[in-house]
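Peer 1:
Protein chains in written order, with the numbering used here: chain A, 1 to 305; chain B, 306 to 521.
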């Protein structure tokens, strides 16, 4: 059992999502960096798809009346435990009974994931524990956590081992986000393509899990009506105002604006760490290169020595 | 022949990659038939299939590539016929008034009175072309041209659940309350999406829908 003493900016129960329902207009959702959540689960001895917490911007204060085994992955937030103990990232942490974990703000990045041994116990919706906040279902009561909430934890399987994990190499905040061009790059004129592929864009404040709104040079092109098409996270739509939107994990399954380029899956975790005010630029790669890059970006997990 | 091998230049305009996980296939008027064929093919590498307006997006499971069987299925001819499993639904709708705040304006735009507009709308059998925007939101094809209307220049902050609305050449029904940019003509009490149900969406691609006007 976990008691929420103070809620964070937007703490959402997440697992690896519910792919397979997009044809009914339901986004796949799930952790913005599923590998980070899966590793956190591995560190506490859970199956990889167990439900944990996705924490963004500013974290919650959580009380563990009976203690627990947890792990934190993703952006390192400032965090505190009982006196003299560090809330280290990417490692198994054993909390004593009545311990309070206080997660504050990140020094770099934007999102982290908390796994709890046994997994968070919430009723699955369409086969997944993930919250879909705009629909009001999934996760804990279909919404972000609030102070006073009690989260239930499932029954653990197997024994505890103390482990630590090594994240894939961070390419740095200034590295370009890699995209595959198109499918509708032909809808834009030369000036529009130059603005997009040569420009820098600021992540706007009104961004959320549905999409990152970008502000920057105007991406000009055809203003004609575009037929609605299926889309996926990472697709970069350009509405008539020329300010691109990178579709997020809870974004719509279909969209009516032309897609100038699509962020490769190896860089979706990077999008998870983009915070309002950050600056992004884009670099084109081929589908072949994108597939090699995703295969090379892996976590390693080892026993605590 | 289209060959969705990674890295292959776009040899055939009929399909293009959207990132490294999805392929957009141009299907034109055969979208629903192609969707039914691909869905029944049980291709292991496909995580999701999204039919839409003249195209289908295939999303692949991480680490997989399109199989030879799928590549063959993408170019195999299909008949543009009604899907075998399509069902017909009758939706009871209260048109106009508080339930349909945009009916009067749309009727005037079409050169009709409200009764005439509703009569034209209810005389047609619509086909669920695809779903999107919200869980369970159907895009209904078959709208008579005279009833079509571009989206509102300013979206509403809140459209009620069950609202029947026109946007471009489609009719849509809002399963849940939320912001919306379509013209709201009326409201149905039918529940379009229930995530706890075994079949969560009332309407599926290919289903046919008729509307019946109920008195206010």
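We treat Cβ as the ideally placed atom computed from N, Cα and C, and that holds for glycine.
Does residue 22 (chain A) come within less than 8 angstroms of chain B when only Cβ atoms are used?
Peer 2: On the first chain, residue 22 (chain A) is found 22 positions in, with the first residue counted as 1. Yes, its Cβ sits closer than 8 angstroms to a Cβ of chain B.
Peer 1: If you run the structure through DSSP and keep just helix, strand and coil, what is residue 197 (chain A)?
Peer 2: What you label residue 197 (chain A) is simply residue 197 of the first chain in a count that begins at 1. It is helical.
Peer 1: Are the region 449-456 of chain B and the region 412-427 of chain B in contact at 8 angstroms, needing three or more beta carbon pairs?
Peer 2: With a cut-off of 8 angstroms, the region 412-427 of chain B and the region 449-456 of chain B count as touching, because enough Cβ pairs lie within range.
Peer 1: For residue 384 (chain B), is the classification buried or exposed, using 16 other Cβ atoms within 10 angstroms of its Cβ as the cut-off for buried?
Peer 2: Residue 384 (chain B) sits at position 79 when you count from the first residue of the second chain. With fewer than 16 other Cβ atoms within 10 Å, it is exposed.
Peer 1: In the region 471-487 of chain B, which residues sit with their C-beta less than 9 angstroms from some C-beta in chain A, listed in chain order?
Peer 2: Residues 473, 475, 480, 481 and 483.
Peer 1: Given this structure, state the Cα-to-Cα distance separating residue 213 (chain A) from residue 203 (chain A), to the nearest angstrom.
Peer 2: Residue numbering aside, residue 213 (chain A) sits at position 213 when the first chain is read from its first letter. Residue numbering aside, residue 203 (chain A) sits at position 203 when the first chain is read from its first letter. Approximately 6 angstroms between the Cα atoms of the pair.
Peer 1: Would you say residue 213 (chain A) faces chain B, with C-beta separation under 8 angstroms as the test?
Peer 2: Translated into positions along the first chain, residue 213 (chain A) becomes position 213. Cβ-Cβ to chain B under 8 angstroms: no for residue 213 (chain A).
Peer 1: Can you give me the start and stop residues for the beta strand (DSSP E) that residue 353 (chain B) sits inside?
Peer 2: As a first step, residue 353 (chain B) is located in the second chain; it is residue number 48 there, counting from the start. That run of the beta strand (DSSP E) goes 351-356.
Peer 1: Output needed for residue 315 (chain B): all residues of its chain with C-beta closer than 6 angstroms, excluding positions within five of it in sequence on either side, in chain order.
Peer 2: As a working mapping, residue 315 (chain B) is identified with position 10 in the second chain. In this prediction, residue 315 (chain B) has a pLDDT of 38, which is less than 50 and means its spatial position is unreliable; what the coordinates show is noted afterwards. Cβ within range, chain order: 321.
Peer 1: Report yes or no: is there a C-beta of chain B within less than 8 angstroms of the C-beta of residue 319 (chain A)?
Peer 2: Lying outside 1 to 305, the shown extent of chain A, residue 319 (chain A) is not represented and no answer is given.
Peer 1: So which residues on chain B does residue 180 (chain A) lean against when the C-beta distance must stay under 8 angstroms?
Peer 2: Residue mapping note: residue 180 (chain A) aligns to position 180 of the first chain, counting from 1. Those are 322, 323, 324 and 325, listed as they occur along chain B.
Peer 1: From residue 152 (chain A) to residue 300 (chain A), what does the alpha carbon distance come to, in whole angstroms?
Peer 2: In the first chain, counting from the first residue as 1, residue 152 (chain A) sits at position 152. In the first chain, counting from the first residue as 1, residue 300 (chain A) sits at position 300. Residue 152 (chain A) and residue 300 (chain A): Cα-Cα distance of roughly 29 angstroms.
Peer 1: CA-CA distance, residue 8 (chain A) and residue 362 (chain B)?
Peer 2: Position 8 of the first chain, counting from 1, holds the residue named residue 8 (chain A). Position 57 of the second chain, counting from 1, holds the residue named residue 362 (chain B). Spanning the two alpha carbons is a distance of roughly 36 angstroms.
Peer 1: Can you list, in chain order, the residues of the region 241-270 of chain A whose Cβ is nearer than 7 angstroms to any Cβ on chain B?
Peer 2: Correct list: 252, 253, 254, 259, 262, 263, 264 and 265.
Peer 1: Can you give me, in chain order, the residues of the region 105-137 of chain A that have a beta carbon less than 7 angstroms from any beta carbon in chain B?
Peer 2: Within the region 105-137 of chain A, the residues whose Cβ lies closer than 7 angstroms to some Cβ of chain B are 125, 126, 135 and 137, listed in chain order.
Peer 1: Using three-state DSSP, classify residue 465 (chain B) as helix, strand or coil.
Peer 2: The residue labelled residue 465 (chain B) in the question sits at position 160 within the second chain. Residue 465 (chain B): coil per DSSP, three-state reduction.
Peer 1: Look at the alpha carbon of residue 105 (chain A) and the alpha carbon of residue 77 (chain A), and state the distance between them as a whole number of angstroms.
Peer 2: Here the question's residue 105 (chain A) lines up with position 105 in the first chain. Here the question's residue 77 (chain A) lines up with position 77 in the first chain. One C-alpha to the other measures close to 5 angstroms.
Peer 1: If you reduce the DSSP assignment to three classes, tell me which class residue 269 (chain A) lands in.
Peer 2: The residue given as residue 269 (chain A) occupies position 269 in the first chain. Correct three-state label for residue 269 (chain A): helix.
Peer 1: Are residue 405 (chain B) and residue 467 (chain B) closer than 8 angstroms when you measure CB to CB?
Peer 2: Counting from one through the second chain, the residue named residue 405 (chain B) turns up at place 100. Counting from one through the second chain, the residue named residue 467 (chain B) turns up at place 162. No, they are not a contact pair.
Peer 1: Is residue 469 (chain B) near the ligand SAH, going by C-beta to nearest heavy atom under 7 angstroms?
Peer 2: The ligand SAH is absent from the structure shown, which contains no ligands of any kind.
Peer 1: Taking CB distances under 8 angstroms as the criterion, tell me whether residue 280 (chain A) reaches chain B.
Peer 2: Residue mapping note: residue 280 (chain A) aligns to position 280 of the first chain, counting from 1. No - not a single Cβ of chain B is within 8 angstroms of the one on residue 280 (chain A).
Peer 1: By the criterion of Cβ-Cβ separation under 8 angstroms, what are the contact partners of residue 357 (chain B) in chain A?
Peer 2: Residue mapping note: residue 357 (chain B) aligns to position 52 of the second chain, counting from 1. Near residue 357 (chain B) (Cβ distances below 8 angstroms), the residues of chain A are 227, 228, 229, 230 and 254.
Peer 1: With C-beta atoms as the reference, is residue 366 (chain B) less than 8 angstroms away from residue 352 (chain B)?
Peer 2: By one-based count along the second chain, residue 366 (chain B) stands at place 61. By one-based count along the second chain, residue 352 (chain B) stands at place 47. Cβ distance < 8 angstroms, so residue 366 (chain B) and residue 352 (chain B) count as in contact.
Peer 1: State yes or no: is the beta carbon of residue 29 (chain A) nearer than 8 angstroms to at least one beta carbon in chain B?
Peer 2: Mapped onto the first chain, residue 29 (chain A) falls at position 29. Residue 29 (chain A) does not count as touching chain B.
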